[in-house]
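In this text, residue positions in the sequence shown follow our numbering: the first is 217, and each later residue adds one.
Every residue, glycine too, gets a C-beta built ideally from N, C-alpha and C.
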Amino acid sequence: MRKLFYLFCVVIQMLTQFSVYANKSILLGVDRLLTPEYSHLIKNKKIAIVANNASLDRQGRSTVDVLKNYSDSKVVAIFTPEHGFSVSEDDKVSDQDSASIPVYSLYGPRKSPTTEQLSGVDVIVFDLETVGLRYYTYITTLALVMKAAQQENIPIIVLDRVNPLGGKIVSGAMLDEKYLGNFAGYYQIPTRYGLTMGELAQYYNRYFNINADLKVVPLKNWKRHLLFNETHLPWHAPSPALPTFEQAYLYGLFGPFESLQLAVGRSQTNKEAFRQFGAPWMSLAEAISLVTQLNKLKLSGIQFQTISWTPDRAKYEKQLCHGFSVKITNLKEINSAKTFIAVSEVLHEKFQNKLKLSGMDGMLGSQELRRAIENHEPADNIIESLKMANVQFMKQRASVLLYE
């Protein structure tokens, strides 16, 4: 018995040591910026930084504070994306008055830094966490900042961060030309593009002819197959409705449903955001029938349950909603494209008179994909056609990969 107890203690110690090691093994771009290999990029420079409250190093220090405390350079301007520096805003964000460093919003009266705001800036440092999806607006902010940097002849440094969805899987529709230039779909890339922010910056620069003076401070020890929950890094919510990684993953699965006549679990706390979907026009009996049909699909890694709730904010506020909640049983088993298509087809079959799928065309980036769903084409056939449309992207993407 003592031997078994001793063996148990040894195993626990080994697992603990492994966890600590794993947590230290992945270095973010911000963790490497001030090392001798990269510090020359900002030494004796006046810096404009694009960041928010989720821009932290692995020790939990703000990138802004790290650079402000670096004696060999000076932060002269801060630019913030959608949701503001606090990562708490859901509406347009105003500039912030500051006695020392001006804070300019890129989700308010402007989407791109102006010539005046960049006056006197020697280098732009970009450090934002994203969620690996085309319709997440931070990657549009990246493109617009890169274009501004090129126009003003200012170098831009992207501090790389892990793609929470990993870097292996590419899926979803290529953005239709009619949606190009939208803030939730600026360039022609697939929905789930499988690149880190640094790799995406290189792709933008090369294949959309931005031609900025771009440098990427890469990650260290990150592997493409890793989902965020396998990195042992702490999750810092990049936006109010994604307080956990699981919710970010679900946003990747069902994010376009937010464009439909459905509540998506947004609340004062956002604890259930993108975990539950429903509406006051759906009866409890209809919700029960819907969940039964969804579970009959036997989709890998995911289950559905009937739910009723009253949103305390956002869509259908103070109205009783019936619908379904989502439970992830195994992230690694989920086929995101197949899951989205299959669930969408069931929703259309049951509620096509109340639920107009055309509402999500912008987030899908493709009317053709939506029509295929409405026609109930087999998911595997749809996925194969999407892969064919993404062939050129996959070839180009290979040239900007920084990690195995």
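Classify V374: buried if its beta carbon has 16 or more other beta carbons within 10 angstroms, exposed otherwise.
For the purposes of this step, residue 374 is taken as residue 158 along the sequence shown, with counting starting at 1. V374 counts as buried, since at least 16 other C-beta atoms from the protein chains shown sit within 10 angstroms of its C-beta.
Residue environment, K394, which counts as buried when at least 16 other CB atoms sit within 10 Å
Looking up residue 394 in the sequence shown gives position 178. Exposed: under 16 other Cβ atoms inside 10 Å.
Inter-residue spacing [alpha-carbon to alpha-carbon] between P318 and S483:
As a first step, residue 318 must be located in the sequence shown, where it is residue number 102. As a first step, residue 483 must be located in the sequence shown, where it is residue number 267. Going from the Cα of P318 to the Cα of S483 covers about 32 Å.
Contact belief for A495 with G539 at Cβ below 8 Å, rounded distance in angstroms
Here residue 495 is taken as the residue at index 279 of the sequence shown, counted from 1. Here residue 539 is taken as the residue at index 323 of the sequence shown, counted from 1. Confirmed, Cβ separation roughly 6 Å.
Can you tell me which of the three DSSP states M197 falls into?
Past the boundaries of the shown model lies residue 197; the chain is included only from 217 to 620, so the question cannot be answered.
Would you give the residue range spanned by the alpha helix (DSSP H) that H564 belongs to?
As a position in the sequence shown, residue 564 is number 348, starting the count at 1. S552 to F567 is the span of the alpha helix (DSSP H), which, as asked, contains H564.
What's the gap between the Cα of A479 and the Cα of W451?
Here residue 479 is taken as the residue at index 263 of the sequence shown, counted from 1. Here residue 451 is taken as the residue at index 235 of the sequence shown, counted from 1. So the alpha carbons of these two residues sit roughly 25 Å apart.
With a Cβ-Cβ cutoff of 8 Å, do L391 and G581 count as a contact?
Here residue 391 corresponds to residue number 175 of the sequence shown, with the count starting at 1. Here residue 581 corresponds to residue number 365 of the sequence shown, with the count starting at 1. A distance below 8 Å separates the beta carbons of L391 and G581.
Report the partner residues of W451 according to the DSSP bridge assignment.
Translated into positions along the sequence shown, residue 451 becomes position 235. DSSP lists no partner for W451.
Cβ-based burial, Q418 [other Cβ within 10 Å; buried from 16]:
Numbered from its first residue, the sequence shown carries residue 418 at position 202. Taking all protein chains shown into account, Q418 has 16 or more neighbouring C-beta atoms within 10 Å of its C-beta and is therefore buried.
Nearest by alpha-carbon distance to P472: which of R422, I557, N269 and T508 is it?
To locate residue 472, count along the sequence shown from 1; it is residue 256. Nearest option by C-alpha distance: I557.
With T207 as the anchor, note down where its alpha helix (DSSP H) starts and where it stops.
Outside the shown range of the chain (217 to 620) lies residue 207, about which nothing can therefore be said.
With 16 other CB atoms within 10 Å as the buried threshold, where does F470 fall?
The count along the sequence shown starts at 1 and reaches residue 470 at position 254. By the neighbour-count rule (16 or more Cβ atoms within 10 Å), F470 is buried.
So for Y320, helix, strand or coil by DSSP?
Start at 1 with the first residue of the sequence shown, and residue 320 comes out as number 104. Correct three-state label for Y320: strand.
Nearest to G401 (by Cα), restricted to the options G245, V432, K384 and I355:
By one-based count along the sequence shown, residue 401 stands at place 185. With distances taken between Cα atoms, G401 lies closest to I355.
Three-state secondary structure (DSSP) at P527?
Sequence index remark: in the sequence shown, residue 527 carries index 311 (1-based). In this structure, P527 counts as coil in the three-state DSSP scheme.
Taking only three categories from DSSP, how would you classify L356?
Here residue 356 refers to the residue found at position 140 when the sequence shown is read from its first residue. As written in the sequence, residue 356 is Thr, which differs from the Leu given in the question. Helix, per DSSP.
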